[in-house]
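Accompanying notes for the structure given below.
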Ligand SMILES: Cc1cc2nc3c(=O)[nH]c(=O)nc-3n(C[C@H](O)[C@H](O)[C@H](O)COP(=O)(O)OP(=O)(O)OC[C@H]3O[C@@H](n4cnc5c(N)ncnc54)[C@H](O)[C@@H]3O)c2cc1C
């Protein structure tokens, strides 16, 4: 039996069944009952389909889970390549965020409001936004299940659900975030608090942490340190700076790590490796780290005045618990074609996949043409020809004014776009980060406009250039 008031879904179609718009109208107030009647009349005259059965399955040629960086970029690019394709995106959030901007916000260099847009405003033409959360996969039946019971059918599925931030994995963290000098640029509402903490810092111990799991933008934890350190230096504020990382080095690509060691040294920052943040006591301003000594876990309590935390991260639970995941929980795709290894009609893009690239928007940019070409080939039953080489980029803001632009591909191969030594922090790349990349993101990447890839493998002498952050 239907509940009253009912949940109603309206689909607007044009000739050939191309679905233009799907809108959920939930829990109509009784006062709007006449409006439902109006819609029924319109339905008879211009072909709107009204559906009161939540279990009925909507069908699309391409269904994309997630309207973040990868989801919108791939939808826009597919739309340009094939204007007739039926495309639907499943997304629970009304807001889309330009996450790379949050590092700059935390450094007092960017307006937080410029990092948000309405998700619906970014959709390419003639695509359907399904407001909902994917919770299950039924690959044998080509169906995705949503939290509210709806099922969405596809010919091709693209999973672009991003990475999950596991804030509760650190004891006491959630309770104190945004208070007691505990912050994180990994949450939009907290990036401005990072800047407040830095701006109001009167001296003392500032700790910046990085977890042992894969994270999005592996450089972001240290970017927060550099921008804070630069501000303290300019203001003449005395700070004891610590970078506590669960990794064994400051950066995963040794070529860049050597240069970044020099940046840390230039700020007099102490690097402490193989330490995992496990607990935070906000009121007592104490962080607890664990590390192994001869196989034994030891705990270390450290006092702080400012603590910037990057939480442990992993595959979204609904992927991890599905048959589409690899052992580590990621969507199991071929690292080159980005096609699922067991289901030929499923592809992955962005942070949620098992591809061993650095999880960045820059990687998404390089993955979009590969997924688009391979999806279109799959639909034509042609062999997949496009290959992703693992390209990713990390603009490390070594100060408010300079960036070390780390560009690399699978295996840590150094692949800069310009023939300049990429280990040197440059003003040119600061303008790129602050001005050009946001423009590129909103107006080119999310609009499906191709920008030629100019990165390539280049060789540089072993000796470091002079490094001034
Ligand atoms: C502080 C910070 C700094 C960064 N700096 C940089 C940088 O300088 N350069 C760079 O290249 N990258 C940077 N990144 C990383 C970059 O933002 C991400 O790698 C990129 O956005 C990944 O795109 P995505 O589509 O995989 O995930 P996202 O853009 O995160 O999108 C995932 C989408 O999936 C949706 N979703 C999740 N679960 C479900 C579900 N069950 N059903 C339906 N939808 C779902 C989410 O709501 C979200 O909209 C940074 C990130 C952060 C947090």
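Numbering (our numbering), first residue to last: 422 to 890. Each residue gets a CB set at the ideal place from its N, CA and C atoms; glycine is no exception.
Should residue i and residue j be called a contact, given that it needs their Cβ atoms to be closer than 7 Å?
i, j, result
"residue 732", "residue 587", "yes"
"residue 663", "residue 628", "yes"
"residue 773", "residue 752", "yes"
"residue 622", "residue 543", "no"
"residue 781", "residue 618", "no"
"residue 911", "residue 626", "It is not possible to answer for residue 911, since the shown part of the chain is limited to 422 through 890."
"residue 705", "residue 669", "no"
"residue 509", "residue 549", "yes"
"residue 793", "residue 547", "no"
"residue 533", "residue 613", "yes"
"residue 577", "residue 483", "yes"
"residue 478", "residue 647", "no"
"residue 678", "residue 671", "yes"
"residue 837", "residue 828", "yes"
"residue 703", "residue 597", "yes"
"residue 556", "residue 566", "yes"
"residue 481", "residue 512", "no"
"residue 616", "residue 529", "yes"
"residue 697", "residue 667", "yes"
"residue 847", "residue 886", "no"
"residue 778", "residue 811", "yes"
"residue 823", "residue 863", "no"
"residue 644", "residue 524", "yes"
"residue 684", "residue 890", "yes"
"residue 665", "residue 630", "yes"
Considering residue i, what are the terminal residues of the alpha helix (DSSP H) in which it resides?
i, result
"residue 741", "738-741"
"residue 850", "848-852"
"residue 680", "675-687"
"residue 618", "612-620"
"residue 594", "594-597"
"residue 713", "Premise fails: residue 713 lies in the beta strand (DSSP E), 707-714, not in any alpha helix (DSSP H)."
"residue 794", "782-800"
"residue 646", "641-656"
Report the CB separation of residue i from residue j in whole angstroms; it is logged as a contact under 8 Å.
i, j, result
"residue 517", "residue 605", "Contact flag wrong, Cβ pair sits at about 20 Å."
"residue 736", "residue 746", "6 Å"
"residue 808", "residue 744", "That belief does not hold up - the Cβ atoms of residue 808 and residue 744 are roughly 26 Å apart, past 8 Å."
"residue 813", "residue 784", "4 Å"
"residue 609", "residue 536", "7 Å"
"residue 869", "residue 545", "6 Å"
"residue 493", "residue 796", "Their Cβ separation, rounded to whole angstroms, is 15 Å, which puts residue 493 and residue 796 out of contact at 8 Å."
"residue 651", "residue 820", "4 Å"
"residue 754", "residue 761", "6 Å"
"residue 593", "residue 611", "Not confirmed; about 16 Å, so no contact."
When you compare each of the options to residue i by their alpha carbons, which one comes out closest?
i, options, result
"residue 815", "797, 858, 530", "858"
"residue 582", "481, 567, 769", "769"
"residue 708", "766, 720, 787, 682", "720"
"residue 825", "800, 682, 485, 715", "682"
"residue 595", "884, 690, 699", "699"
"residue 538", "611, 489, 553", "489"
"residue 673", "831, 890, 884, 487", "831"
"residue 786", "504, 890, 874", "874"
"residue 739", "520, 585, 889", "585"
"residue 882", "842, 503, 861, 876", "842"
"residue 603", "724, 568, 861", "724"
"residue 766", "561, 890, 849, 835", "561"
"residue 552", "563, 573, 656, 559", "573"
"residue 788", "630, 486, 491", "491"
"residue 486", "531, 501, 575", "575"
"residue 591", "867, 711, 879", "711"
"residue 502", "849, 800, 855, 853", "800"
"residue 692", "654, 657, 656, 642", "642"
How far does the beta strand (DSSP E) with residue i in it reach, from first residue to last?
i, result
"residue 663", "660-666"
"residue 631", "625-631"
"residue 727", "727-729"
"residue 479", "479-486"
"residue 724", "717-724"
"residue 815", "813-820"
"residue 389", "Nothing can be reported for residue 389, as the shown portion of the chain is limited to 422 through 890."
"residue 589", "Neither: residue 589 is in no beta strand (DSSP E) and is coded neither H nor E."
"residue 691", "691-693"
"residue 810", "First-last for residue 810: undefined, no H or E at that position."
Can you confirm whether residue i, when its beta carbon is compared against all beta carbons of chain C, has any partner nearer than 7 Å?
i, result
"residue 841", "Here there is only one protein chain, and chain C is not present."
(request) Would you list, in sequence order, the uninterrupted beta strand (DSSP E) runs of no fewer than 3 residues that lie entirely inside the segment 488-576? (result) 508-512, 516-518, 537-539, 548-552, 555-559, 564-567
(request) Tell me the start and end of each unbroken alpha helix (DSSP H) in the segment 828-883 that is at least 4 residues and wholly inside, in chain order. (result) 848-852
(message) Give the list of continuous beta strand (DSSP E) stretches no shorter than 3 residues that lie fully inside the segment 743-779.
(response) Counting only runs of 3 or more, we get 767-769.
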